[in-house]
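**Q**
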Amino acid sequence: MTLGFYPGCSLKGSSREYAESVLAIAKAFDIDIEEINDWNCCGSTAAHNLNKELSLALPARILSLAEKQGFKEIVVPCAACYSRLTVTQYELSKNPKLKNAVTETNDLEYNGSVDVLNIIQMLNKYVTPDLEGRVVKPFDHKVACYYGCYLIRPHEILNFDREEDPRSMDEIMLKAGATPIEWAFKTECCGAGLSVSRTSSVGRLSGNIIRDAKDRGAEAVIVACPMCHSNLDMRRDSINSFLGEKVDIPVLYVTQVLGLAAGLDRKTLGLHRHFVNVTV
Amino acid sequence: MSKIGVFVCHCGENISATVDCAKVAETAGKYDGVTFSIDYKYMCSDPGQSIIKNAIKEKGLTGVVVASCSPRMHEPTFRKACAEAGLNPYMCEMANLREHCSWVHEKDDATTEKAIDLVRILVEKVKRNQSLDAIKVPVTKTALVIGGGIAGIQASLDIANSGHKVILIEKDPSIGGHMSQLSETFPTLDCSQCILTPRMVEVAQHPNITLYTYAELESLEGFIGNFKAKIRRKSKSIDEKLCTGCGMCTTKCPNKKIPSEFNEGLGTRTAIYVPFPQAVPNKPVIDRIHCTYYTKGKCRICEKVCPTQAIRFDQEDQIVETEVGAVVLATGFTVKQTDFFPEYGYGKYSDIITGLQFERLASASGPTLGEIRRPSDGKIPEKIVFVACAGSRDQAKGIPYCSKICCMYIAKHAMLYQHKVPGGKSYVFYMDIRAGGKMYEEFVRRAIEDDGVNYVRGRISRIYEKNGKLIVNGADTLLNAMPVEIEADMVVLATAGVANEGAEELAQKLHVSYDSYHFFAEAHPKLKPVETNTAGIFLAGACQSPRDIPESVAMASGAAAKVAGLFSQDELTREPLIAVVNRQAAPVYSSCVGCFLCVSACPYQAIEKEEFKNRTGEVIKTVAKVNPGLCQGCGTCVAFCRTKSIDIQGYTHEQMYSEVMALLNEY
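Chains A and B supply the protein sequences, listed in that same order. If you're matching positions, the first sequence starts at 1 in this note's numbering and goes up one per residue. If you're matching positions, the second sequence starts at 1001 in this note's numbering and goes up one per residue.
1) With which residues is residue 121(A) paired in a DSSP beta bridge?
2) Under a three-way DSSP split, which group does residue 1183(B) fall into?
3) Residue 171(A) versus chain B: which residues are under 7 angstroms apart at the beta carbon?
4) Taking C-beta to C-beta, are residue 1057(B) and residue 1035(B) nearer than 8 angstroms?
5) Could you give the distance in angstroms between the alpha-carbon of residue 1530(B) and the alpha-carbon of residue 129(A)?
6) Would you identify the three-state DSSP class for residue 269(A), choosing helix, strand or coil?
7) Could you check the C-alpha separation between residue 1568(B) and residue 1240(B) for me, to the nearest Å?
8) Scan the region 1427-1504 of chain B and note each continuous beta strand (DSSP E) run of 3 residues or more that stays entirely inside, going in chain order.
9) Kindly give me the distance between the Cβ atoms of residue 1532(B) and residue 1522(B), rounded to whole angstroms, as I take these residues to be in contact under 8 angstroms.
10) For residue 1446(B) and chain A, any beta-carbon pair shorter than 8 angstroms?
11) Please confirm whether residue 1343(B) has its beta-carbon closer than 8 angstroms to some beta-carbon of chain A.
12) From the DSSP output, in three-state form, read off residue 1539(B) for me.
13) By a C-beta neighbour count over all protein chains shown, 10 Å radius and 16 as the cutoff for buried, is residue 197(A) buried or exposed?
14) Residues of chain B with a CB under 8 angstroms from the CB of residue 165(A): which are they?
15) Show which residues of chain A have a CB atom less than 7 angstroms away from the CB atom of residue 1462(B).
16) Could you tell me if residue 277(A) is buried or exposed, where buried requires 16 or more neighbouring beta carbons within 10 angstroms of its beta carbon?
17) Tell me the rounded alpha-carbon separation between residue 1225(B) and residue 1572(B).
18) Check each candidate in 1189(B), 1167(B), 1174(B) and 1093(B) and name the one with the smallest Cα separation from residue 1209(B).
19) Could you tell me which of 1140(B), 1389(B), 1404(B) and 1393(B) sits nearest to residue 1541(B), measuring between CA atoms?
20) In the DSSP assignment, find the alpha helix (DSSP H) that holds residue 1356(B) and state where it starts and stops.
21) Looking at C-alpha atoms only, which residue of 221(A), 5(A) and 209(A) is the closest neighbour of residue 190(A)?
22) Under 8 angstroms Cβ to Cβ from residue 91(A), same chain only, skipping five residues before and after it: list those, please.
23) Taking the CB atoms as reference points, tell me whether residue 1179(B) and residue 1196(B) lie closer together than 8 angstroms.
24) Per DSSP, which one or two residues make a beta bridge with residue 38(A)?
25) Measure from the alpha carbon of residue 1619(B) to the alpha carbon of each residue in 1337(B), 1610(B) and 1626(B), then state which is nearest.
26) What would DSSP say about residue 232(A), mapped onto helix, strand or coil?
27) At which residues does the beta strand (DSSP E) containing residue 1168(B) begin and terminate?
28) Looking at the structure shown, is residue 1514(B) part of a helix, part of a strand, or coil, going by DSSP?
29) Throw me the rounded Cβ distance for the residue 127(A) and residue 74(A) pair, which I believe falls under 8 angstroms.
30) Taking the alpha carbon of residue 1304(B) as the reference point, which residue from 1424(B), 1254(B), 1038(B) and 1150(B) has its own alpha carbon closest?
31) Measure the alpha-carbon distance for residue 1007(B) versus residue 1319(B) and round it to whole angstroms.
32) Going by beta-carbon coordinates alone, are residue 1118(B) and residue 1143(B) separated by less than 8 angstroms?
33) Excluding the 5 residues preceding and the 5 following residue 1574(B) in the sequence, name in chain order all residues of the same chain whose CB lies nearer than 7 angstroms to its CB.
34) Which of helix, strand or coil does DSSP assign to residue 1335(B)?
35) Can you check whether the C-beta of residue 153(A) is within less than 8 angstroms of a C-beta belonging to chain B?
36) Report buried or exposed for residue 96(A), applying the criterion of at least 16 other Cβ atoms within 10 angstroms of its Cβ.
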């Protein structure tokens, strides 16, 4: 069975190393993965602030295309895209009127039959069961798993992991040979909403996260969301100026760590694309 | 030939605003068998009742239809009026023109038509009514009180002092309940144990009270005045008659690391234990889940050291069957534990404790002998944060109600902390301060103004540990929601008061209703606060909703007064609206064919078998018979009966059929 792949905008641009690592992992673990044809924007942030129907029609179109292409499951590595797609499925399943309106707008059939997996769910289904024995280079480091907001929330709809102190990424890290730290900033806001408009706030909010990770001895921060990554990695200068010191803990995608542990090439995993040098 | 009177009530304007009452009376007057009809402004008033009484006497009425409000409201009133005029009270019926018609419809001809229909069907019904006599049942003048906290203790003492017998059962090894765990009590700061223990002793010594500790209700059957209770006395594994309470066994028990329930897990106890020094009865029980002998088959040290040979490892649970006339439910409440709060670490930080745990820290008999020391390392906390409404008033947590006692005990906790830790800093984060009660507001002001407790209006979003401190993040909503961060040494959560685990199960066992939070439901929120919907079962204390001590005690005394009132009668009258199996002359005896489907259908085990014998003593027919003492008139058997041989008195097949036919204009 072929797993559908919805990259979304970030994975084609600023976070292309995330896409690279996802596809590298898929290849290494023989997952038949294929991009959804003619996909569009998931509508994250912009659309759901403007027009509810539009904010549902955009993800619905993606889901319809996936159905049309015959996918039973798709993986959505970006946490924001994952949230939009899942929330859309939920809203449309509850409200037939909206579903009809959206189907009409898109002029595409929508059944809601596709399972939407976030990256953790995909890894737990297709990768971690075979991981033992595939780990050639255990990622023997103290890591801080940072989940951000969209992977877990709204909890009532996503129903994934514990809402305040999630564990799923920590468990994957344990299997990759890493030592996850206990910390309280797993779901604190990184400032993603202000990533472009108020970078000083990003420096403060992400700074608090990086500081706690550093204080607890983390050697790397592990994420599963492009926005988390850009804020903690790309905005490191503002973080450092907020902290008043130079903190050079690298930020890795969960897929990059698994790739490293499985002995994949650093370049294939896109580790050279980060702002903070990945020294681990 | 029937002579029916129809009395149409305006209920002020409640009915007459939408129903043409005069027209209803006029139309009813034309029905076959109706000899008198009238409308009046307030039929329930004295003059209104006089109209009915006079009509009965003067017109020789054989049946009465009062067309007014719901029978739940005034049926007893009108039946009594009929009886006073010499008519059998069960010859009076009510047509509900208010709840079923005027309140739910607009003013319209159709509304009046419906009112006329309602009257017409009752006229046809009452023509077929039969005179009935109330059933008399005896009263067993012993009360069963379930739960030995302050509410159960108070109820037991009050009932016992009014001269009636009481059986008090408590599931724990000692009575005392949550009150025995408390340090001092608000708003007077008197020692909880000092005022409670004399009451506990009084219970144990009272000649009218039989106390069963370590016991639970197994089942309850029967009805008001005549309940049959089965009580499970869990095995204590000791012979209470021989045990002197010397304490040798508890000192020598090698299994000393069991978290103490009495100390809310902050201290430890042994496997054979007395929960606290002032326990009543002051005799130990063996906790079989933890005892080494029961888990591993070896030890028996307590048996060796016991000077009176009172240990009984092979003792079994004992079932006590007893008859009681009334039940008081006083099973109390429990509080949410810290693991209920993901945002405060899912219970993983040992220095975040519940209010009840703080009580144990502040109590002279507690694990720290009254010194405020934090659980993780025993240090005296220099900075302490109290979080009000932890879970309460939070829809997202499923607890939208106010737990009521927290505002007061938090003020007390902060005050006690300030008294015990001079120079310490305390913060209370609150939503609102709810201090309604005598001297309550003054008490809170004292905490703030005299003892210097910092009250911050705002919620705590997260607590986490860093470098041995608890970082408490919140907002001060009186300073424009300014973020507040406090590095505290200890945090006390005023966790929500919730119903006991198993409350729902107990309610079902007793056939009493419970609310969506599993607290037991009172019969009326204002006018019947201590009664349940099941006659003869009463409520006291926090099993009904969170309550403080004065309220629990008042409620317990209220329930006790209800029980004493019930026991002041030698027999009770019950409505005769019960099932009867039809009887005919020999040789048919009854249309019942003896299939006894009704026996399996009856939820009250009220149906027996009756045999008819011929002169030689040979059984020629066996039919069903209803025990009028047990039947509750639910009608389930009627629906099951295949030969229509069972009727509910007052609601017979014939009566129901005539109502339907009247509605179809077949008469």
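Cβ coordinates follow ideal geometry from the N, Cα and C atoms, glycine included. For clarity, every value in this text was computed on a predicted model and none was experimentally measured.
**A** Looking at the atomic coordinates:
1) Within the first sequence, numbered from 1, the residue matching residue 121(A) stands at position 121. The partner list for residue 121(A) (beta bridge, DSSP) is empty, contrary to what the question assumes.
2) Residue 1183(B) sits at position 183 when you count from the first residue of the second sequence. Residue 1183(B): coil per DSSP, three-state reduction.
3) One-based indexing of the first sequence puts residue 171(A) at position 171. Contact annotation for residue 171(A) against chain B: no contact, minimum CB-CB distance about 16 angstroms [criterion: below 7 angstroms].
4) As a first step, residue 1057(B) must be located in the second sequence, where it is residue number 57. As a first step, residue 1035(B) must be located in the second sequence, where it is residue number 35. No, they are not a contact pair.
5) The sequence position of residue 1530(B) within the second sequence is 530, counting from 1. The sequence position of residue 129(A) within the first sequence is 129, counting from 1. Each residue's Cα considered, the two are about 59 angstroms apart.
6) Sequence index remark: in the first sequence, residue 269(A) carries index 269 (1-based). Reduced to three states, the DSSP call for residue 269(A) is coil.
7) Working through the second sequence from its first residue, we reach residue 1568(B) at position 568. Working through the second sequence from its first residue, we reach residue 1240(B) at position 240. Answer to the nearest angstrom: the Cα atoms are 35 angstroms apart.
8) List check, beta strand (DSSP E) in window: 1454-1457, 1460-1466, 1469-1476, 1482-1488, 1490-1495 and 1497-1499.
9) Translated into positions along the second sequence, residue 1532(B) becomes position 532. Translated into positions along the second sequence, residue 1522(B) becomes position 522. Your pair residue 1532(B) and residue 1522(B) checks out as a contact, with CB atoms roughly 7 angstroms apart and the cut at 8 angstroms.
10) The residue you call residue 1446(B) lines up with position 446 of the second sequence. At a cut-off of 8 angstroms between C-beta atoms, residue 1446(B) does not count as an interface residue with respect to chain A.
11) Translated into positions along the second sequence, residue 1343(B) becomes position 343. At least one beta carbon of chain A lies nearer than 8 angstroms to the beta carbon of residue 1343(B).
12) As a first step, residue 1539(B) is located in the second sequence; it is residue number 539 there, counting from the start. Here residue 1539(B) carries a strand assignment [DSSP, helix/strand/coil].
13) Here residue 197(A) is taken as the residue at index 197 of the first sequence, counted from 1. Result: exposed.
14) Translated into positions along the first sequence, residue 165(A) becomes position 165. Those within 8 angstroms of residue 165(A) in chain B are 1342, 1345 and 1346.
15) Position 462 of the second sequence, counted from the first residue, corresponds to residue 1462(B). Here the neighbours are 184.
16) Translated into positions along the first sequence, residue 277(A) becomes position 277. Counting Cβ neighbours within 10 Å, residue 277(A) comes out exposed, since fewer than 16 surround it.
17) Stepping through the second sequence from its first residue, residue 1225(B) is reached at position 225. Stepping through the second sequence from its first residue, residue 1572(B) is reached at position 572. Residue 1225(B) and residue 1572(B) have their C-alpha atoms spaced approximately 8 angstroms apart.
18) As a working mapping, residue 1209(B) is identified with position 209 in the second sequence. Among 1189(B), 1167(B), 1174(B) and 1093(B), the Cα nearest to that of residue 1209(B) belongs to 1167(B).
19) One-based indexing of the second sequence puts residue 1541(B) at position 541. Among 1140(B), 1389(B), 1404(B) and 1393(B), the Cα nearest to that of residue 1541(B) belongs to 1404(B).
20) For the purposes of this step, residue 1356(B) is identified with residue 356 of the second sequence, where counting begins at 1. Element bounds for residue 1356(B): 1355-1362.
21) Within the first sequence, the letter at position 190 stands for residue 190(A). Each of 221(A), 5(A) and 209(A) was checked against the Cα of residue 190(A), and the nearest Cα belongs to 209(A).
22) Within the first sequence, numbered from 1, the residue matching residue 91(A) stands at position 91. Here residue 91(A) has 56 and 98 as same chain residues with Cβ atoms under 8 angstroms from its own Cβ, once five neighbours each way along the sequence are excluded.
23) Position 179 of the second sequence holds residue 1179(B). Position 196 of the second sequence holds residue 1196(B). Taking 8 angstroms as the Cβ cut-off, residue 1179(B) and residue 1196(B) qualify as a contacting pair.
24) The residue labelled residue 38(A) in the question sits at position 38 within the first sequence. In DSSP, residue 38(A) forms no bridge with anything.
25) Counting from one through the second sequence, the residue named residue 1619(B) turns up at place 619. Checking every option, the nearest Cα to that of residue 1619(B) belongs to 1610(B).
26) Counted from its first residue, the first sequence places residue 232(A) at position 232. In the structure shown, residue 232(A) sits in a helix (DSSP, three-state: H, G or I).
27) As a first step, residue 1168(B) must be located in the second sequence, where it is residue number 168. Residue 1168(B) -> beta strand (DSSP E) spans 1165-1170.
28) Residue numbering aside, residue 1514(B) sits at position 514 when the second sequence is read from its first letter. Strand, per DSSP.
29) By one-based count along the first sequence, residue 127(A) stands at place 127. By one-based count along the first sequence, residue 74(A) stands at place 74. With 8 angstroms as the limit, residue 127(A) and residue 74(A) do not qualify as a contact, their Cβ atoms being about 16 angstroms apart.
30) Position 304 of the second sequence, counting from 1, holds the residue named residue 1304(B). Nearest C-alpha to residue 1304(B): 1254(B).
31) Numbered from 1 along the second sequence, position 7 holds the residue referred to as residue 1007(B). Numbered from 1 along the second sequence, position 319 holds the residue referred to as residue 1319(B). Using only the alpha carbons, I get a separation of about 56 angstroms.
32) What you label residue 1118(B) is simply residue 118 of the second sequence in a count that begins at 1. What you label residue 1143(B) is simply residue 143 of the second sequence in a count that begins at 1. Against a cut-off of 8 angstroms, the Cβ pair of residue 1143(B) and residue 1118(B) comes out as no contact.
33) Within the second sequence, residue 1574(B) is the residue found at index 574, counting from 1. Counting only Cβ-Cβ distances below 7 angstroms, and skipping sequence neighbours, we find 1134, 1135 and 1137.
34) Residue mapping note: residue 1335(B) aligns to position 335 of the second sequence, counting from 1. Three-state result, residue 1335(B): strand.
35) Residue numbering aside, residue 153(A) sits at position 153 when the first sequence is read from its first letter. Not an interface residue.
36) Reading the first sequence from its first residue, position 96 is the one you call residue 96(A). It counts as exposed.
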